[in-house]
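Please read the structure below before turning to the comments.
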Amino acid sequence: MTWDPDKVEAPQPPLDRATKLRFWLRAVPFGTFIAICLLIQVLLRQVERLIHGMRRPWTPYLTQVVCRAFFFFSGMGFRVTGTPMKEHGAIVANHVAWIDIFTLHAAKWVYYVSKAEVRGWPGIGILARATGTIFINRVRSEAKQQEQTFRERLSLGHKLLFFPEGTSTDAMRVLPFKTTLFAAFFDPALRDTLKIQPVTMVYRAPEGADPRFYGWWGEMSFGWHLVRVLGAGKQGEVEVIYHPPLRVADFADRKALARACEAAVRGGMPPERQIIE
Numbered sequence: 332m333t334w335d336p337d338k339v340e341a342p343q344p345p346l347d348r349a350t351k352l353r354f355w356l357r358a359v360p361f362g363t364f365i366a367i368c369l370l371i372q373v374l375l376r377q378v379e380r381l382i383h384g385m386r387r388p389w390t391p392y393l394t395q396v397v398c399r400a401f402f403f404f405s406g407m408g409f410r411v412t413g414t415p416m417k418e419h420g421a422i423v424a425n426h427v428a429w430i431d432i433f434t435l436h437a438a439k440w441v442y443y444v445s446k447a448e449v450r451g452w453p454g455i456g457i458l459a460r461a462t463g464t465i466f467i468n469r470v471r472s473e474a475k476q477q478e479q480t481f482r483e484r485l486s487l488g489h490k491l492l493f494f495p496e497g498t499s500t501d502a503m504r505v506l507p508f509k510t511t512l513f514a515a516f517f518d519p520a521l522r523d524t525l526k527i528q529p530v531t532m533v534y535r536a537p538e539g540a541d542p543r544f545y546g547w548w549g550e551m552s553f554g555w556h557l558v559r560v561l562g563a564g565k566q567g568e569v570e571v572i573y574h575p576p577l578r579v580a581d582f583a584d585r586k587a588l589a590r591a592c593e594a595a596v597r598g599g600m601p602p603e604r605q606i607i608e
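This is the structure:
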């Protein structure tokens, strides 16, 4: 049976005082840094919009600075393997936790495609809106509207990034990819020129910690996980692996493309994490 994050125990043991103290020592300066950068971003975006409209040639630089700062303030390791594509297209990746937002932005300019409820999340929702995230409801009745939005953003040169698993995990597996959003890439105006780059994020826990340390699933609260990660005495690392891009035109339909992307992403995981659910 497929691993279901809502049916698997998500332990939340009490956090000790040292963890909470380290959290505040890191969160306060990082939060201040984010607030300053966010203010600059909002002001800069007003000028950018007047000159470039929906295009964003300036503000992504600031977004990338903030996301790289996360690793500086948290002490978490970060490295990139492979080469991010320069061609017109989109990116698909496995989904582990809210940390993915910082991880993938730190590596390359991207624009997230996210579930609509993220818009209202404390802190993360504000950052998502400021960085041009596309919010969607995963319902068939809105599929055509979503395709139109994707087409418009891709035509502007934006590299869209989405998580086909549809949910976050315990970092120990890749779930089957949902195929609905892949349909937009087969639009006649996009199919012949578009490429999709699969990306694998491999999170390695701090030495001696539960291998699922960075995973966020089930009923695990955002606040508890945030304090746990930022308050860790020792940190692990994340490796971002860029796989060779896939030409949409080489695939018969969205299901075939989704299967190929899923295989590439799963193949980038350590052998013990390549479980097929």
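The opening residue of the sequence shown carries number 332 in our numbering; numbering runs sequentially from there.
Idealized CB from N, CA, C, for every residue including glycine.
Item	Value
For the putative contact between K509 and P529, defined by C-beta atoms under 8 angstroms, what is the C-beta separation to the nearest angstrom?	That pair is no contact at about 15 angstroms.
Using 7 angstroms as the cut-off, classify the Cβ of W429 as near or not near the heavy atoms of the ligand NAP, replying yes or no.	The ligand NAP is not part of this structure, which contains no ligands at all.
Going by C-alpha distance, which of G362, V505, R410 and K417 is nearest P575?	K417
Under a three-way DSSP split, which group does F494 fall into?	coil
So T390 and Q372 are supposed to be a Cβ contact under 8 angstroms. How far apart are they, rounded?	6 angstroms
Looking at the unbroken alpha helix (DSSP H) that takes in F401, where does it start and where does it end?	T390 to S405
Beta-carbon within less than 6 angstroms of R353's beta-carbon, same chain only, minus the 5 sequence neighbours each way: which residues are those?	G562
Out of E448, K526 and A366, point me to the one whose CA is closest to A591's CA.	K526
So, helix, strand or coil for K351, using DSSP?	helix
Specify, as a first and last residue, the run of the beta strand (DSSP E) that A421 falls within.	G420 to A424
How many angstroms separate the CA atom of G420 from the CA atom of L346?	42 angstroms
Drop a sphere of 10 angstroms on the beta-carbon of A587, count the other beta-carbons inside from all chains shown, and report buried for 16 or more, exposed for fewer.	exposed
Would you decide whether I607 is buried or exposed? Buried here means 16 or more other CB atoms lie within 10 Å of its CB.	exposed
Could you tell me the alpha carbon to alpha carbon distance between G546 and V449, rounded to whole angstroms?	17 angstroms
Based on Cα-Cα distance, which residue from T414, C398 and S486 lies nearest to G408?	C398
Ignore the nearest five residues each way along the sequence and tell me which others in V396's own chain have a CB closer than 6 angstroms to its CB.	none
Let me make sure I understand the geometry here. Which of F364, C368, L485 and W440 has the alpha-carbon closest to that of P415?	W440
Assuming M532 and V571 are in contact, meaning their beta carbons sit under 8 angstroms apart, how far apart are those beta carbons, in whole angstroms?	6 angstroms
Assuming the contact rule is C-beta atoms closer than 8 angstroms, A341 and M503 should be a hit. Round their C-beta distance to whole Å, please.	About 13 angstroms separates the two Cβ atoms, so there is no contact after all.
On the three-pair Cβ rule with 8 angstroms, is the segment 482-495 touching the segment 534-542?	no
Work out the CA separation of F513 and D581 for me, nearest whole Å.	14 angstroms
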